[in-house]
Amino acid sequence: MNIEGFLTAVAVSATGGIIAILAGFYLFKNEIRGMLRPAPGQTPVAAAADHKEERLQMLPLRLQAHERLILFIERINPANLFVRLHQQGIPLPALQSLVLNEIRSEFQHNVAQQLYVSPTIWAVICKLKDDTLAMVSNAAKSLPEGAEGVDLSKKVLQHMAEISDNPYDLTQGLIKKDIQQLF
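Residue numbers for the sequence shown, in the working numbering: 12 to 194.
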């Protein structure tokens, strides 16, 4: 009888365990399939369709990131930056500080966009920001003591006019090419 009682207890426990596992699987089967990609029995075509759907869901975020980076480029372009920030009679150090802080602030505001663009695009954006900061700082250093903010604006814009290929336009073109590759 001991063996019969033991086997009965084992059978009841095993049946209960199997029922619990089946109930758990039934309740969480979608989550389990999501973790196991491609799901058991899913064809490669179905897995590709799931991947395509995920890419389509990311498309608006990627497009928005590209838009924001184009706006960032426009906002740090010296031709726009000095017009926006210049004040009549502003001293050189004050304008230089204002411009450098504006560039850094714009960059920090858009730093999360790197999640949605290619590493190449992000590297170019970072280089453009750094080059713009350096250009403004170098122009300020080259001006005589007592120069006004308007002198800084003239110096930077003159330097930009001497560059054969506008780096801001080139960067925007690169972003536009990257957008075209999304479609």
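For each residue, glycine too, the CB sits at the ideal point set by N, CA and C.
Taking all protein chains shown into account, threonine 131 has fewer than 16 neighbouring C-beta atoms within 10 Å of its C-beta and is therefore exposed. Distance from the CA of glycine 157 to the CA of proline 102, rounded to the nearest whole angstrom, comes to 8 Å. For alanine 123, there is no enclosing alpha helix (DSSP H), as DSSP marks it with neither H nor E. DSSP places histidine 97 outside any alpha helix (DSSP H), giving it a letter other than H or E. Beta-bridge analysis with DSSP links glutamate 159 to Pro102. If you draw a straight line from the Cα of serine 153 to the Cα of valine 128, it is about 36 Å long. Listed in chain order, the non-local C-beta contacts of arginine 79 below 7 Å within the same chain comprise Asn121, Gln124, local neighbours out to five positions each way being set aside.
With a cutoff of 7 Å on beta-carbon distance, alanine 150 and leucine 139 are scored as not near each other.
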